Structure formats: C-alpha cells, structure tokens
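Numbering (our numbering), first residue to last: 33 to 726.
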C-alpha cells in the first residue's frame, strides 16, 4: 500500500445492532478494492475482521478490527466494531480513532436497540454519520418503512440519497438522487450499468429529491436562496454543500444495498471516499500539556509535533502486546523512541505495523491522520497519549462502561491459582470493561464484565491463550454477623497435663456499636487481675473468633468488646492461654447477645426509558429493593434504589431482557443491613449443612 497523507485518508467506523451485516459488508468492500480474491463468509469463519476463534465459534464480532484498503486513490481505515452490547468497550475505543461513522441498519429488522445505542454514541462524539440500509435483498425488506423509523426515532435530518430498484429477491439496482441516474448490478456486484430512471419510479424520485434538496439547502444561505427562487443548482455546488453539511452534522445521508450480494457496495465506497471527512477536515484535537497543565491542541499535519493515542491493546502470550494507535499529528518512524505523556515514561518501538484483521505488514513510518500498531511494547496501555517529549500533550481518557455482571473464577486444575491472576492481568490490559478483585471475606477471585457472554469469552481466552481452564460461578455473598444485645461473659481456659499447665481467665462485656464502625476493643483492667502483657493476647483471641460467627460462620462486625476482669496463674498463664480464653469468652457472649445476620446493600442507579419504568420498578421491588427516587434526564428516567447485593449479581442480563436492552445501570456498595428473619433462616440452614459436609 502506498503512502497516504491526511487529506487522502478516511478513518471510518462501522456501527450497528448485532446481525445488521457489518462484517459481510466489509468483506465485499475488501473484495471490490482488490485486497482479497474471494469474499469470506461469517458462517464459514473465514472473514478478515472476525478471525479470533471465539468470534468464529459464535459468528459475531467480539473485538474491533482495523481493515484498511485503497479506493479512489484514498486510504480507507475501516474499523469494524462489535454490535453486541457485551462488547461495547471496543466501540468506545473505535470512536476515539475515527473521523466519521457508518451506521448500518437491517432493511428487515429496522431500528433496533443497538442502532439507537450506536447513534447516541456517534452523536455524543460529534461525528459525521452516513447510514447504510443493508439487506435490501432479504425477504421482508422495507426500505421506506425503515427510513421513516430512522427519521422518527433518530433525527429528522436523516436524508435519503439512494432509492432501491426492486426489493427482496427482485432487488436489482439503485437510483442516486444526486445524479438522478439508475445503477443496475451484475452478478456479485462486479459491474454497474448506468441507465436513466425507470418511468415507474420518476414520481417517487422527484418527491425524494425535492426533500433531499430542501434538507441540503437549509444548511447553506447561498443554496437556500437558489432553492427558494427555483434556480437550478449546479451539481458541483450541490456536492460541495452536501460535503460541508455532512461534516457539520446537519445532514445524515442514507444509502442502501446488499452486502451479501455486493449490490450497491461500490457506490457506498465511492460515497465514503468522496463525502466523508478526512482528518484535515476535522477540528484540531484538544488535550493538556502535562508539564504546564495548560490546554493544548494538535492539527493533523506531518510537520507538527508527534502525537497519538492508544485506542486498543491486543495481548498475545507469544507475540506480546500490540498497541493500536491513531496518529493525530506529526510523523512516527519505526526506529524512534516513544514518549508516553500519560505515564511520563519512554520506550523503544519493537516494530511499526499496518494491521488488516490478523494480518500484519511491517512499515517504516506512520503519519498524521493514519492508524498503525506498535509491537513488542510493555509499558503502554489503552487510552495512553504518546507525544513529542519536548512538546507533550495528554488527550482525554477513553470512557468505558462500568462492568456490573459478577462471577467467581475458580481453576479446574490444582496449582492454577497463580496462573489465573497472571492470565486475567494480561487480558485486562486489552479490555478495560473487565475488572478483577479478591474478595477477602469469601476468599474468591471475582471478575466483573458487561454480561454472561462477555465473561464466557474471557474464560475461553484464558484457556486458549494462557492454558488456564476455569469455571465461572455465581459469587458467594459477603454476609456478616453482628449482635443486637449486650452481655457479660467469662472465658476460662485451664489445662493440667503433668508438667506445666495452661491457665487464662478473662471477663468481657460484648455490646453493639454503630453500623460500619467495625470493631472496638476496650481495656478496663485495674489492679493487675490480668497482667498487661496478656491483654493483647485476649484481643487477638477475640479477633480470631470474630472471623467465624456462631450463626452461619460469617465474620462478626460492629461490636465493642471490653475486658474488665480476670485472673492469672504465676506459673501456668501464657499468651496462648489468654488468647484461647478471649476466644471462648467471645463465642459464649455472642450466643447470648441476640446475634443477627447482615447482608451487603448496593446503591443502584438505573437509566431507563419511561415506557419500561413500571416494569423496572416492579422488578426492583421483587428483589427487595427500596426505591429512593426518580429523576428525568436526557429523555430517560433515572431510578435510584438500594438493593441487596445477593439480588443483583445477574441483574445486567435481566435488565436487558426486561427493557429490550434499552436500560443501563451502575451499582456501588453502600452499607450492611440486617437480613429479614425468614431469609436469614434459609442462609443459616444452608451454611450449617455445608459445614457438616466438610
């Protein structure tokens, strides 16, 4: 591939609901561009962009894939993104690397939740968007119905530029409203025949073209005056105005075709190359100079200081890490040293690579506006800003959704515990929507992801890449025990066995303290009834006894223990004896102080469309949730609630089902709360049964 500079580069992302045909469409594009000699098929597992075994197995995109090609003397860096909600983290990374988005919509299914989600993301990033209605050849396809739905649900500025000739199995051509010509396709889209608009479609073409002209004219004073005066608008002026209207996001053009048949794909490729903006057409990229903390900008010029951002990490146990970067300014050579402005560190580049799916081509340099990968690097992570050390800049971090689907990770083979942490650590580098922590109470390794498929894929990657076979189970709840009453009890440990014996004796008072205060130990020994050097042993014995409460074996919390009396033996007393006495006293006192079980409560914030609000509130109530309030924001309702953690481990999947994927939520630990007696009884019975089986 020859070298391209800013104005001849197009960085375009493919976005859609799962199943709209992004991968199949990209295969046709690569075929048309001469990159491949045959079009791969998702069902055969031989596509360029979906090449990971997990993607082939599920027949869906999991990771983003960079697939560059040349078209009309331009380099198009196409980024194919996943449409499934569990892998939206890759979408967030792709949004940072592109200058325009192509939103694919199925001509049969129409606007789906993934369509709306992708549209919202593109709008939040202020990116130009072209819409491609795909699968016009499918049974049940309805172009006009889908178009109307797009305009009603997304934007009235969505403007059709193409009309299909025929539909379903009769789909055979496209009318371009700009040129007012009909284009008919030969088998596999290898040839396009230009003809006049057929008579039976002239009326529809006139109507749609009028609407198109009106939408474009409203974006330019010059064009609007000509339109209102009924003057003929020259094609060159119309094209220029349309380009600017797309760049400023005042018009969102609609094209159509079939990625499977390769019908309309070359026309779509022409349009992307001609009308979507180059890096030089976009505003400068803003950041902060980390040395001065002063705002800074970068323009996409090769002569400017080098700057780039990592938007994706690929981790491989054999090759090492690959960091995929978007270069915003300047020039990076393969033999250069990289300055990581985010971490104030330097690193030598192993190799500079041009990626196309899994295929890698070593290159000597990459310039402003382009995309490449850095190989054999270690201290670089997703979101890091790379720049000229003498003129550093840090770009805004990439915001990823908070993972809230939890699972406990357990090795299936003995001795793999250490491997789990190592494998997860490597995989967490390439996916910031996965988090890991050790629950010290339940002694489980907990991973959090965006859904069940997300974590299933994680487990498969751990086995394939790092040889660690694991199971994913529902985590144990971190229950705790406490008391509601007060009591005074003694603990006496006396043992005689021929020689020196053991003697420890203490009196303690056990009482509750405020929730979340933990533990308080008070020494009220006077007169030397217990020597000072044995007091810490009493406390140690109490702390050890607190690790396993008397109800269900869960840790005890929120108690005050006061040691106020006792006795000792000048020969037989020891640290061990007083430690045991302290433990005995605490266990006896716990039984007499009205022990109760506590459960963790989380704060939940659910963002839900009003249509589903009643269903969501009803579901939260069924989970023993307490609704704290509701607030409207950006067309949705935010429901604030407190819910027992035991009820929300799988809530993300259930919420998606209840709301057709249109709601989201975040949760944060809040506090511990007493469990209702009837529920506590079941938990205690289960814990006692498990202990008896040990």
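All residues carry an ideal CB built from backbone N, CA and C; glycine is no exception. Only a predicted model underlies this, so the values are computations on that prediction, with no experimental measurement involved.
task = Out of 319, 483 and 113, state which residue places its alpha-carbon closest to the alpha-carbon of residue 686.
result = Position 654 of the chain shown holds residue 686. Residue 686 has its Cα closest to that of 483, out of 319, 483 and 113.
request  = Could you tell me the distance, in whole angstroms, from the CA atom of residue 440 to the CA atom of residue 716?
outcome  = Mapped onto the chain shown, residue 440 falls at position 408. Mapped onto the chain shown, residue 716 falls at position 684. Using only the alpha carbons, I get a separation of about 21 Å.
task = With a 10 Å radius around its C-beta and 16 neighbouring C-beta atoms as the bar for buried, classify residue 348 as buried or exposed.
result = Along the chain shown, one-based indexing puts residue 348 at 316. Exposed is the call here.
Cβ separation of residue 358 and residue 340, assumed to be a contact under 8 Å, to the nearest whole Å = Mapped onto the chain shown, residue 358 falls at position 326. Mapped onto the chain shown, residue 340 falls at position 308. With a Cβ gap of about 6 Å, residue 358 and residue 340 count as contacting.
message = Let me see if you follow: with CB-CB separation under 9 Å, is residue 490 close to chain B or not?
response = Absent here is chain B; the protein component of the structure consists of one chain.
Residue ranges of each alpha helix (DSSP H) within the segment 551–612, 4 or longer = 567–578
query = residue 692: buried (16+ other C-beta within 10 angstroms of its C-beta) or exposed?
reply = Taking the chain shown and counting its residues from 1, the one referred to as residue 692 is at position 660. Result: exposed.
task = Return the CA-CA distance between residue 51 and residue 92, expressed in angstroms with no decimal places.
result = Here residue 51 is taken as the residue at index 19 of the chain shown, counted from 1. Here residue 92 is taken as the residue at index 60 of the chain shown, counted from 1. Rounded to whole angstroms, residue 51 to residue 92 spans 8 Å at the Cα level.
key: Whether residue 160 touches residue 308 by CB criterion (9 Å)   = Translated into the one-based positions of the chain shown, residue 160 becomes position 128. Translated into the one-based positions of the chain shown, residue 308 becomes position 276. Yes, the pair counts as a contact, with Cβ atoms nearer than the cut-off.
request  = Can you check DSSP and say which residues form a bridge with residue 359?
outcome  = Sequence index remark: in the chain shown, residue 359 carries index 327 (1-based). Looking at the DSSP assignment, residue 359 forms a beta bridge with 340.
task = Tell me the start and end of each unbroken alpha helix (DSSP H) in the segment 106–163 that is at least 4 residues and wholly inside, in chain order.
result = 120–129 and 145–156
message = Taking a contact to mean a Cβ-Cβ separation below 9 Å, would you say residue 305 touches residue 106 in this structure?
response = Within the chain shown, the letter at position 273 stands for residue 305. Within the chain shown, the letter at position 74 stands for residue 106. Yes, they are a contact pair.
First through last residue of the alpha helix (DSSP H) which encompasses residue 470 = Numbered from 1 along the chain shown, position 438 holds the residue referred to as residue 470. Looking at the DSSP string, residue 470 is not in any alpha helix (DSSP H); the run it does join, the beta strand (DSSP E), is 467–471.
query = Got a sec, what are the start and stop residues for the beta strand (DSSP E) residue 205 sits in?
reply = One-based indexing of the chain shown puts residue 205 at position 173. Taken as a continuous stretch (DSSP letters only), the beta strand (DSSP E) holding residue 205 covers 205–208.
inquiry  = Let me make sure I understand the geometry here. Which of 636, 425, 426 and 195 has the alpha-carbon closest to that of residue 676?
reply    = Residue mapping note: residue 676 aligns to position 644 of the chain shown, counting from 1. When each option's Cα is compared against that of residue 676, the closest is 636.
key: Given 8 Å, three or more beta-carbon pairs between the segment 327–345 and the segment 181–196   = no
Residue span of the alpha helix (DSSP H) that contains residue 640, given as start and end = Residue numbering aside, residue 640 sits at position 608 when the chain shown is read from its first letter. Run containing residue 640: none in the alpha helix (DSSP H); it sits in the beta strand (DSSP E), 627–640.
request  = Quick one: using the 10 Å Cβ neighbour count with 16 as the cut-off for buried, is residue 114 buried or exposed?
outcome  = By one-based count along the chain shown, residue 114 stands at place 82. Per the 10 Å Cβ criterion, buried.
query = Which partner residues of residue 774 appear in the DSSP bridge assignment?
reply = Lying before the first or after the last residue shown, residue 774 is absent from the chain, which here runs from 33 to 726.
ask   = What residue range is occupied by the uninterrupted beta strand (DSSP E) comprising residue 689?
value = Here residue 689 refers to the residue found at position 657 when the chain shown is read from its first residue. Premise fails: residue 689 lies in the alpha helix (DSSP H), 683–690, not in any beta strand (DSSP E).
inquiry  = I'd like the span of the beta strand (DSSP E) that includes residue 215, first residue to last.
reply    = Along the chain shown, read from residue 1 onward, the residue named residue 215 stands at position 183. 213–217 is the span of the beta strand (DSSP E), which, as asked, contains residue 215.
task = Tell me whether residue 122 is buried or exposed, calling it buried when 16 or more other Cβ atoms sit within 10 Å of its Cβ.
result = Against the chain shown, residue 122 aligns to sequence position 90. Its Cβ being crowded by 16 or more others within 10 Å, residue 122 is buried.
Secondary structure of residue 617, DSSP reduced to three states = Residue numbering aside, residue 617 sits at position 585 when the chain shown is read from its first letter. Of the three classes helix, strand and coil, the one that applies to residue 617 here is helix, per DSSP.
ask   = First and last residue of the beta strand (DSSP E) that includes residue 267?
value = As a first step, residue 267 is located in the chain shown; it is residue number 235 there, counting from the start. That residue, residue 267, is in no beta strand (DSSP E); its alpha helix (DSSP H) goes 267–279.
ask   = Which residues bound the alpha helix (DSSP H) around residue 513?
value = The residue given as residue 513 occupies position 481 in the chain shown. Not the alpha helix (DSSP H): residue 513 falls in the beta strand (DSSP E), residues 512–515.
ask   = Helix, strand or coil for residue 435 per DSSP?
value = Against the chain shown, residue 435 aligns to sequence position 403. Of the three classes helix, strand and coil, the one that applies to residue 435 here is coil, per DSSP.
Assigned exposure category for residue 146 - 16 Cβ within 10 Å defines buried = Here residue 146 corresponds to residue number 114 of the chain shown, with the count starting at 1. Residue 146 comes out buried.
DSSP bridge partner residues for residue 420 (one or two, in chain order) = If you number the chain shown from 1, residue 420 lands on position 388. The partner list for residue 420 (beta bridge, DSSP) reads 423.
key: DSSP beta-bridge partners of residue 68   = On the chain shown, position 36 is the one that residue 68 refers to. In DSSP, residue 68 forms no bridge with anything.
key: Neighbour-count burial assignment, residue 489, 16 or more Cβ in a 10 Å radius   = Taking the chain shown and counting its residues from 1, the one referred to as residue 489 is at position 457. Flag for residue 489 reads buried.
key: Contact between the segment 397–415 and the segment 441–453 (3+ Cβ pairs under 8 Å)   = no
key: Neighbourhood of residue 432 by C-beta distance below 7 Å, restricted to the same chain and skipping five residues each side   = Start at 1 with the first residue of the chain shown, and residue 432 comes out as number 400. The answer, listed in chain order, is 121, 124, 464 and 465.
ask   = When the Cα atoms are used, what is the spatial distance from residue 434 to residue 723?
value = Here residue 434 corresponds to residue number 402 of the chain shown, with the count starting at 1. Here residue 723 corresponds to residue number 691 of the chain shown, with the count starting at 1. Approximately 36 Å, taken between the alpha carbons.
key: Proximal residues to residue 385 (C-beta, below 8 Å), its chain only, five neighbours per side dropped   = On the chain shown, position 353 is the one that residue 385 refers to. Within the same chain, residue 385 has close Cβ partners 354, 392, 393, 394, 395, 404, 405, 406 and 407.
ask   = What does residue 523 pair with, by DSSP beta-bridge criteria?
value = The residue you call residue 523 lines up with position 491 of the chain shown. Answer by DSSP bridge pairing, in chain order: 538.
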